[in-house]
Amino acid sequence: MAFKWYFVRCQSGREKRIRDNATHRLKITGATDVIPQVIVPYELVTDMKGGKKRTVERKLYPGYLMVQADLDEPENPRTINARTTLRGIDGLRDFLGPRGDPTALS
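For reference, each letter of the sequence shown is one residue, going 95 to 200 in our numbering.
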């Protein structure tokens, strides 16, 4: 198994909720062996507001989730099941790539 990272489009502003829903559904369907990890990439930023320092999370790519997956065999039934599960999640769009086909980060 060769896990690679992919971007998936999602509704902006709902990334964490969609990530939690995706993780839950992947566990229920048993697809965590194909897609073990879904994350919202962010950085911690410290700023001043009202004279007080505060640290907040700032999304690096609003409207996108990062998915670690083994999608090298598109005809494999487990891969098809995992992709179908992801596509059925409310607020989740397609993979980033031509015609919605997954393109791994290089």
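Idealized CB from N, CA, C, for every residue including glycine. Everything numeric in this text was worked out from a predicted model, so none of it was measured.
Item	Value
What is the DSSP secondary structure of Thr140, counted as helix, strand or coil?	strand
Just the Cα atoms here: how many angstroms apart are Arg177 and Arg187?	11 Å
So, with DSSP's three-state summary, where would you put Thr149?	strand
For Gly185, collect the residues of the same chain with a Cβ closer than 7 Å to its Cβ; drop the 5 residues on either side in sequence, then sort them by chain order.	Cys104, Gln105, Arg108, Ile112
If you count every other CB in all the chains shown that lies within 10 Å of the CB of Pro196, and 16 or more means buried, which is it?	buried
Would you report the Cα separation of Gln131 and Asn170, rounded to the nearest angstrom?	19 Å
For Ala163, which three-state DSSP category applies?	strand
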